[in-house]
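S.K.: Chains as they are written, first to last, in my numbering: chain A, 5 to 416; chain B, 5 to 416.
Sharing a structure below in structure tokens format, with a few things to ask.
2 protein chains.
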Amino acid sequence: MKKMFCIGYKCTLCGKEFPYNGKMLTCPECGEKGILDIQFDYQGIKSALTREKLAANKNFSMFRYAPLLPLRNTDFGRYLRVGYTPLYKANLIHSELGLDSVYIKDDGHNPTGSLKDRASAVAVAHAIENDYTTIACSSTGNAASSCAGNAARMGIKSVIFVPQRAPEGKLAQLLVYGAKVVSVAGDYRATFELSRDAIAKYGWYNRNAGINPVMTEGKKTVALEIAEQLDWNVTDWVAVSVGDGCTVGGIYNGFRDLKEIGLIDRVPKILGVQSLGCCPFVTAATGDGKLVPAEENTLADSIAVGIPRNPVKALRAIRESHGAWIAVSDNDILEGMKLLGRTEGVFSEPAAASVTAGVKQAVQDGIIKKSESVTIISTGSGLKDVKNALKAVTRPVPCEPTIEALEASGIL
Amino acid sequence: MKKMFCIGYKCTLCGKEFPYNGKMLTCPECGEKGILDIQFDYQGIKSALTREKLAANKNFSMFRYAPLLPLRNTDFGRYLRVGYTPLYKANLIHSELGLDSVYIKDDGHNPTGSLKDRASAVAVAHAIENDYTTIACSSTGNAASSCAGNAARMGIKSVIFVPQRAPEGKLAQLLVYGAKVVSVAGDYRATFELSRDAIAKYGWYNRNAGINPVMTEGKKTVALEIAEQLDWNVTDWVAVSVGDGCTVGGIYNGFRDLKEIGLIDRVPKILGVQSLGCCPFVTAATGDGKLVPAEENTLADSIAVGIPRNPVKALRAIRESHGAWIAVSDNDILEGMKLLGRTEGVFSEPAAASVTAGVKQAVQDGIIKKSESVTIISTGSGLKDVKNALKAVTRPVPCEPTIEALEASGIL
């Protein structure tokens, strides 16, 4: 058992603080919208997580940052290897984006194919520490598959609630991992509400990221990794796509934690990227700051969230980091997917590809300057959504099997 | 420039030896079927690749084994991070397989989603060292996407020849990576022949694994990693699926190399797994040893190879390692996929899942004994072929959004 450095919770809405007990979800006073922040003993972490200790740490997974996680466990050898994904210095894309220096964090490299593995791995570990045997969430996408995969590896049951309209392809991965999949005859809201009621009734572990503050802490490990992989000299900007707001909130938390314990000297500016077809945060930021429900009209399904469940953490991330919000069209997203694939060999799903498009737009708009360095986070593998990738490309015209036909085809 | 430890080529058919020049493909005397082995100066490698040097090596990719690769380059920082994939000690599956000890090597964790990245990364590096600007192959699957992705990252053009019938989903990844895709109006043989003629005419680098001996050497790095991750105490068995025969041939080469330089004391027995719907090697091994063209009637498309191009290396791998051949049905493959997913959280494509099924069968047949340890290699991510994964699972029946309906549904 390691020393635990979590000391409390603070409600992101009313600001009230509560002592840490490892079990609170939302604020007892504000209800479901009162999402909590976990508070840490940074003085204690300062000596537990030094550059030297990290350099000597042979755990090449997100669990190398255990002192900054709400976990008591110290042995993570039995878990899937989540995190420690590659950070590539761009070979080519920076010049096409009009920038001097770009890095790409390929989080599609995670065991189930997305950054969500970071939240699910911590959730499973936290569930096990607290003697749960079942973990549940409502999701059609990466959160669900990561929950099912990480739970399977650790012998924990998973129950996943999906709306009936969820595409079959998204279900295959869940079902192969052995999850109990509840296909709800209703929309996403009905699905979420049934999951909430069932979780309450059966006492399962709640992996809904817009409820459980532990999830954000798992996601923040991508920021910790980026900083360590850059030898603690973080880029001027870090760009990521935003749906519910939990991931961008986690990224800010990660950099803030590192600044608090003195491992980095500043928090990078965070560029929050949404799709024009569903961009409640961008609308709020360019308007009166109030979040209004938006339509969900984009092919980037992982960020198609009209009513984000974690608005406070998301808005804070951009505001406190002195970052910016930007929205891009579905066409820009498909172009961004091809640009990143063609120049760097990284295949992103549409939500992840929106970041490349967003950085391009931000450079054109003068938000990011040529001399500023940028880290692009690709949150999910393109293999997660081959159907939409097909929309980005042109199927080749068949060619007769002769050199003459090949030369005449214009393909080369 | 590092010292190069390649000293020659040896034809796997006629046995004739040739000095190493970095450029030979097949045997000049035997023609296209005369696939070559690369020969190494093991004495030199013994001092270049010690346990101590590896323990201190901070390159966490397949290139940490550079002295055993046919490359002069020493700086691999600009490449995709291929290799260093997780080796999991089984938490649960060993007991379901009736074994005491099982490990799972998840090579679906590679940048483009399969073990083939190992061959393509070496191919791209070898191409660059030899001043090629274009790399080409004929394939519909993992070889193609890995070639395209690794080439894109290094700014090398890729030309991929695919038969016209190739499913669109398989093309999306190639096209996103910016490959020139030649869709050939003809079968696989016509596609291969056009690629061969075009490669000869335009002087491109040849990434066809059944021709270029460098590919096998890239693939062998999975064996080197397994051994290092097991702290040089290799399991009794290593199980892998077999199509063309290049991968299993590489795995044998890797273990043989390690034995030659004294890093391990024995080569594990290799279990070669095929699908009953296409198992020319199994038929040959249980018959008179002669390879006869087989039908290609299996959903495991990555190993659906009726006329394997690398039979000598494949047959040698099993024979010299004192291993065994086994074939499993498509239904067994789908069951194997679910078994590995449910017990260990690893999602394999059908060809990779055949290995789990093959090990299960081999235990039942008494080929593998309960007390023998086994490493299962999962060669590709399940996300590569979601369509077939759907055949393994049962789509849940929709449930009304009430607790009562959920309880009555029998899902939980």
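For glycine and all other residues, C-beta sits at the position ideal for the given N, C-alpha and C.
Counting only beta-carbon separations shorter than 8 Å, does TYR2(B) have a partner in chain A?
M.R.: Absent from the structure is residue 2(B), since the part of chain B shown begins at 5 and ends at 416.
S.K.: Give the single residue among LYS391(A), GLY414(A), LEU394(A) and ALA393(A) whose Cα lies nearest to the Cα of PRO402(A).
M.R.: GLY414(A)
S.K.: If you run the structure through DSSP and keep just helix, strand and coil, what is PHE22(A)?
M.R.: DSSP, read as helix, strand or coil, puts PHE22(A) in strand.
S.K.: Between which residues of its own chain and ASN155(B) is the CB-CB distance below 6 Å, once the five residues before and five after are set aside?
M.R.: Correcting the residue identity first, residue 155(B) is Ala in this sequence and not Asn. If we look at ALA155(B) and ignore the five residues flanking it on each side, its Cβ neighbours are VAL128, ILE139 and SER162.
S.K.: Does the segment 374 to 391 of chain A come into contact with the segment 309 to 316 of chain A, if we say contact requires no fewer than three beta-carbon pairs (one atom in each stretch) closer than 8 Å?
M.R.: They do not touch, by the three-pair rule.
S.K.: DSSP state of PRO171(A), grouped into three classes?
M.R.: coil
S.K.: Do we get a CB-CB distance below 8 Å when we pair LEU394(B) with the residues of chain A?
M.R.: yes
S.K.: Threshold first: 4 residues or longer. Then list the alpha helix (DSSP H) segments lying entirely within the segment 214 to 248 of chain A, N to C.
M.R.: 217 to 223 and 225 to 233
S.K.: Flag this pair as yes or no: are the beta carbons of PRO171(A) and TYR192(A) separated by less than 8 Å?
M.R.: no
S.K.: Please classify LYS294(B): is it buried, with 16 or more other beta-carbons within 10 angstroms of its beta-carbon, or exposed?
M.R.: exposed
S.K.: Quick check: the Cα distance between THR220(B) and ILE160(B), rounded to an integer number of angstroms?
M.R.: 21 Å
S.K.: Kindly confirm or deny that the segment 37 to 44 of chain B and the segment 188 to 203 of chain B touch, where touching means at least three C-beta pairs closer than 8 Å.
M.R.: Contact fails: fewer than three Cβ-Cβ distances are below 8 Å.
S.K.: Would the segment 95 to 102 of chain B and the segment 41 to 55 of chain B be scored as touching if the rule is three or more Cβ pairs under 8 Å?
M.R.: no
S.K.: My understanding is that GLU348(B) touches TYR88(B), with C-beta atoms under 8 Å, so please give their C-beta distance in whole angstroms.
M.R.: No, GLU348(B) and TYR88(B) are not in contact; Cβ-Cβ is about 19 Å, not under 8 Å.
S.K.: For VAL417(A), which of helix, strand or coil comes out of DSSP?
M.R.: For residue 417(A) there is no data in the structure shown, the boundaries of chain A being 5 and 416.
S.K.: Counting only the same chain and skipping the five closest in sequence on each side, list residues whose C-beta sits under 8 Å from that of GLU299(B).
M.R.: GLY281, CYS282 and GLY310
S.K.: For CYS250(A), report the span of its alpha helix (DSSP H) as first-last.
M.R.: 250 to 264
S.K.: Could you name the residues of chain B that PHE64(A) contacts, counting a contact when the two beta carbons are closer than 9 Å?
M.R.: Result: PHE64 and TYR88.
S.K.: Whose Cβ in chain E lies nearer than 7 Å to the Cβ of GLY159(B)?
M.R.: The structure shown contains no chain E; the protein chains it does contain are A and B.
S.K.: List the residues of chain B that HIS326(A) touches, going by C-beta distances under 9 Å, in chain order.
M.R.: Correct list: empty, because the minimum Cβ distance to chain B is about 31 Å.
S.K.: Give me, in chain order, the residues of the same chain whose beta-carbon lies closer than 7 Å to that of LEU58(B); leave out the 5 immediate sequence neighbours on both sides.
M.R.: Counting only Cβ-Cβ distances below 7 Å, and skipping sequence neighbours, we find ARG68 and GLU232.
S.K.: As a quick exercise: from ALA183(A), LEU338(A) and GLY253(A), pick the residue whose alpha carbon is nearest that of THR225(A).
M.R.: GLY253(A)
S.K.: Note down the Cα distance separating VAL133(B) from TYR46(B), rounded to an integer number of angstroms.
M.R.: As written in the sequence, residue 133(B) is Glu, which differs from the Val given in the question. Rounded to the nearest angstrom, the gap between the Cα atoms of GLU133(B) and TYR46(B) is 23 Å.
S.K.: Closer than 8 Å, Cβ to Cβ, to anything on chain B: give me those residues from the segment 384 to 415 of chain A, in chain order.
M.R.: SER385, GLY386, LEU387, LYS388, VAL390, LYS391, ALA393, LEU394, ALA396, VAL397, THR398, ARG399, PRO400, VAL401, PRO402, CYS403, GLU404, PRO405, THR406, ILE407, LEU410, SER413 and ILE415
S.K.: In the DSSP assignment, find the beta strand (DSSP E) that holds CYS151(A) and state where it starts and stops.
M.R.: Taken as a continuous stretch (DSSP letters only), CYS151(A) belongs to no beta strand (DSSP E), being part of the alpha helix (DSSP H) at 146 to 157.
S.K.: Closer than 8 Å is the cut-off here; do at least three beta carbon pairs connect the segment 10 to 18 of chain B with the segment 362 to 370 of chain A?
M.R.: no
S.K.: Should HIS130(B) go down as buried or exposed, given a rule of 16 or more other Cβ atoms within 10 Å for buried?
M.R.: buried
S.K.: What three-state label does DSSP hand GLY345(A) in the structure shown?
M.R.: helix
S.K.: Let me confirm a value: ARG85(B) is counted as buried when at least 16 other C-beta atoms fall within 10 Å, else exposed. Which label applies?
M.R.: buried
S.K.: Going by CA-CA distance only, name the one from THR137(A), LEU343(A), SER306(A) and THR302(A) that's closest to VAL332(A).
M.R.: THR302(A)
S.K.: Give the secondary structure of VAL188(A) by DSSP, where H, G and I count as helix, E and B as strand, and everything else as coil.
M.R.: Strand at VAL188(A).
S.K.: Would the segment 336 to 353 of chain A count as touching the segment 210 to 220 of chain A if we require 3 or more Cβ pairs under 8 Å?
M.R.: no
S.K.: Listing by chain order, which chain B residues have their CB less than 9 Å from the CB of HIS130(A)?
M.R.: Within chain B, no residue comes near HIS130(A); the closest Cβ sits about 17 Å away, beyond 9 Å.
S.K.: Are any of the Cβ atoms in chain A nearer than 8 Å to that of GLN368(B)?
M.R.: no
S.K.: Grab me the residues of GLY327(B)'s own chain with a C-beta within less than 6 Å of its C-beta, minus the 5 sequence neighbours each way, in chain order.
M.R.: LYS273, ILE274 and LEU275
S.K.: Is it buried or exposed for ILE407(A), if we count other Cβ within 10 angstroms and need 16 for buried?
M.R.: Exposed is the call here.
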